[in-house]
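*Asks:*
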Amino acid sequence: MNGQAGKNKESVPTKVFLRGKVSEYSQRCIECNRCMDVCPVTKDTFSIHDLNVASQDGQSVPLKIQEFAFRCMQCGQCVPVCPKDIRRDHMVRYIKYKIRNKTPWGYKRYLLIKGPNQTGMRRIIQQLFIRSKKLTNKDLACFMETTPEKKVDVLFYPGCYIYSAKTVRQTLRLLKHVGSRYNVLGGVTACCGAPHLLQGEFDQADDCLELLYQKIKACDPRIILTACAECYEAVEQIRKMYQMDVEVLSVAQYLLRYQDKFLVKKIRGKITVHDSCRFRPQSPQGVAAHDAVSRFGELAKPPMDQPSSCCYKWNHGSDPNNALRLVNYLTAVKNHAPTLVCNCLTCFEELKKTSTDVEIIDVLQLFEEALQASETREEES
Ligand code: SF4
Ligand code: SF4
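With my numbering applied, the sequence shown corresponds to residues 109 to 489, in that order.
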């Protein structure tokens, strides 16, 4: 989420920040087309010049480029190939902002209940959703839509994923096992704003980020653990913007600090890691996921013949070829390993919807299984 600006005294709103960046990028671009050559989404023909023009403020966006912008899943694959250090993903994000009054239903539906300060029908739907979830997950209800105020070292921030109950329960068991004293901050009213940002709803994204900062400040943690890569980037952004003295980690990164508490080592055979667009293999979070897989199983290579291992979440179904690409990807995975481990909760939640005989699990499941194996061994001895 680099490039996002919030509303603190040292930064400008995201829309203003990106407006300036897009203008600067357009002047710097040499129109080599490398960004579009690697871009995996389906697109009709348009020139990079036309794309640059359409990105700028005050310029209209032709239909072909509108369609492309909604198909863009903000994966960032276009960024490392650019010889001029241009964030093409941010340029397309700005197009999404310009045409946000034309967003497809899939985009709108995804944001329907996310974020603070909802009004009217959206607030009613949000409240009904929260109530039903609290009723069906009574053990987690105390963490839903509340702001912790007691001060402890660790804040587990699942955000909207507090409603991924199985993963949250699993995380809490693991935190307890390693002896962590923790707070939990979760709920759609504590959304990190990434879903809004990636859709070009910049004002809402800034509001979410500001409110999240206030909530984090209230419990003053030393370490913040996030469940998904987008939440991680948002919280890391807050840390930088407000110069907070806090460490932001993925849960797997944190648990590996206590790896001696997971006595059983190899519990699995071959496993491939699904690296999130934002938790790349070389990032500390990516390295942690690969380390966890190597510790508890046998790390298998990812399929290199696939142009992308993206989960295709962030175009919200706008590209008709999403499903086919996922099937091809998972078919290729199967030639390498029977199990695919996701290091980002967004990827896990999205990929597990695909019909496949590849076993798709969250990286935390490996820790959970190691814990269960240790307990079984203790009972038997
Ligand atoms: S972010 Fe991904 S989908 Fe969007 S333009 Fe870049 S490569 Fe294409
Ligand atoms: S790779 Fe960079 S320089 Fe080349 S067309 Fe894309 S944005 Fe412009």
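The beta-carbon is built from N, C-alpha and C at its ideal position, and this holds for glycine as well.
By DSSP, does residue 199 sit in helix, in strand, or in coil?
*Replies:* Correct three-state label for residue 199: helix.
*Asks:* Which residues in the same chain have their Cβ closer than 7 angstroms to the Cβ of residue 192, if we skip the five residues on either side of it in sequence?
*Replies:* Here the set comprises 136, 137, 138.
*Asks:* With the cut-off set at 9 angstroms, would you say residue 475 and residue 363 are in Cβ contact?
*Replies:* Contact flag set, yes.
*Asks:* May I have the straight-line CA-CA distance separating residue 409 from residue 319, to the nearest angstrom?
*Replies:* Rounded to the nearest angstrom, the two C-alpha atoms are 41 angstroms apart.
*Asks:* How far does the beta strand (DSSP E) with residue 333 in it reach, from first residue to last?
*Replies:* From DSSP, the beta strand (DSSP E) with residue 333 extends over 331–334.
*Asks:* In terms of residue numbering, what span does the alpha helix (DSSP H) encompassing residue 382 cover?
*Replies:* No alpha helix (DSSP H) contains residue 382, which is instead part of the beta strand (DSSP E) from 378–382.
*Asks:* Could you tell me which residues DSSP pairs with residue 408 in its beta bridges?
*Replies:* Answer by DSSP bridge pairing, in chain order: 380.
*Asks:* What separation, rounded to the nearest whole angstrom, lies between the Cα atoms of residue 210 and residue 176?
*Replies:* If you take the alpha carbons of residue 210 and residue 176, they lie about 13 angstroms apart.
*Asks:* Assuming residue 153 contacts residue 429 under a Cβ cut-off of 8 angstroms, what Cβ separation, rounded to an integer in Å, is found between them?
*Replies:* Not really, about 16 angstroms apart at Cβ, beyond 8 angstroms.
*Asks:* Note down the Cα distance separating residue 464 from residue 325, rounded to an integer number of angstroms.
*Replies:* One C-alpha to the other measures close to 43 angstroms.
*Asks:* Apart from the five residues just before and just after residue 160, which ones in its own chain have a Cβ nearer than 7 angstroms to its Cβ?
*Replies:* These residues qualify, in order along the chain: 134, 137.
*Asks:* Going residue by residue through the stretch 271–346, where are the continuous beta strand (DSSP E) segments of at least 3 residues, counting only ones entirely within it?
*Replies:* Counting whole runs of 3 or more residues, the stretch 271–346 contains the beta strand (DSSP E) stretches 290–294, 331–334.
*Asks:* Going by DSSP, which residues form a beta bridge with residue 450?
*Replies:* DSSP, once it has assigned bridges, lists 382, 470 as partnering residue 450.
*Asks:* Would residue 308 be called buried (16 or more neighbouring beta carbons within 10 Å of its own) or exposed?
*Replies:* Buried, by the Cβ-count rule.
*Asks:* Pull up the DSSP beta-bridge partners for residue 357, would you.
*Replies:* Note: residue 357 sits in a beta bridge opposite 333.
*Asks:* Taking the continuous beta strand (DSSP E) assigned at residue 265, which residues delimit it?
*Replies:* Element bounds for residue 265: 262–267.
*Asks:* Given this structure, state the Cα-to-Cα distance separating residue 378 from residue 404, to the nearest angstrom.
*Replies:* Roughly 10 angstroms between the two C-alpha positions.
*Asks:* What does a CB cutoff of less than 8 angstroms around residue 304 pick up in its chain, not counting 5 residues either side in sequence?
*Replies:* These residues qualify, in order along the chain: 219, 222, 223, 310, 312, 313, 316.
*Asks:* Roughly how far, in whole angstroms, is the beta-carbon of residue 420 from the beta-carbon of residue 434, given that I think they are within contact range, below 8 angstroms?
*Replies:* Right, their Cβ atoms sit about 6 angstroms apart.
*Asks:* Just tell me which of 457, 466, 423 has its CA closest to the CA of residue 441.
*Replies:* The option with the nearest alpha carbon to residue 441 is 466.
*Asks:* So for residue 252, helix, strand or coil by DSSP?
*Replies:* DSSP places residue 252 in strand when its eight states are reduced to three.
*Asks:* Keeping to the same chain, check which residues put their C-beta closer than 7 angstroms to that of residue 131; ignore five residues upstream and five downstream.
*Replies:* For residue 131, where only same-chain residues beyond five positions count, the Cβ hits under 7 angstroms are 164.
*Asks:* Determine the direct distance from the alpha carbon of residue 354 to that of residue 347, and round the result to whole angstroms.
*Replies:* Each residue's alpha carbon lies about 7 angstroms from the other.
*Asks:* Measuring alpha carbon to alpha carbon, tell me which of 194, 436, 283 ends up nearest residue 129.
*Replies:* Nearest of 194, 436, 283 to residue 129, Cα basis: 194.
*Asks:* Between which residues of its own chain and residue 444 is the CB-CB distance below 8 angstroms, once the five residues before and five after are set aside?
*Replies:* For residue 444, where only same-chain residues beyond five positions count, the Cβ hits under 8 angstroms are 378, 380, 408, 409, 410, 411.
*Asks:* Quick check on DSSP: helix, strand or coil for residue 445?
*Replies:* Residue state, collapsed to three classes: coil.
*Asks:* Exposed or buried, what is residue 423 when buried is set at 16 or more other beta-carbons lying within 10 Å of its beta-carbon?
*Replies:* Buried is the call here.
*Asks:* Does DSSP put residue 388 in a helix, a strand or coil?
*Replies:* Coil, per DSSP.
*Asks:* Is there a Cβ of chain B sitting closer than 9 angstroms to that of residue 147, yes or no?
*Replies:* This model lacks chain B altogether, as it is built from one protein chain only.
*Asks:* Using a Cβ-Cβ cut-off of 8 angstroms (strictly less than) and excluding sequence neighbours within five positions of residue 272, which residues of its own chain qualify?
*Replies:* So the qualifying residues of the chain are 266, 335, 453, 457.
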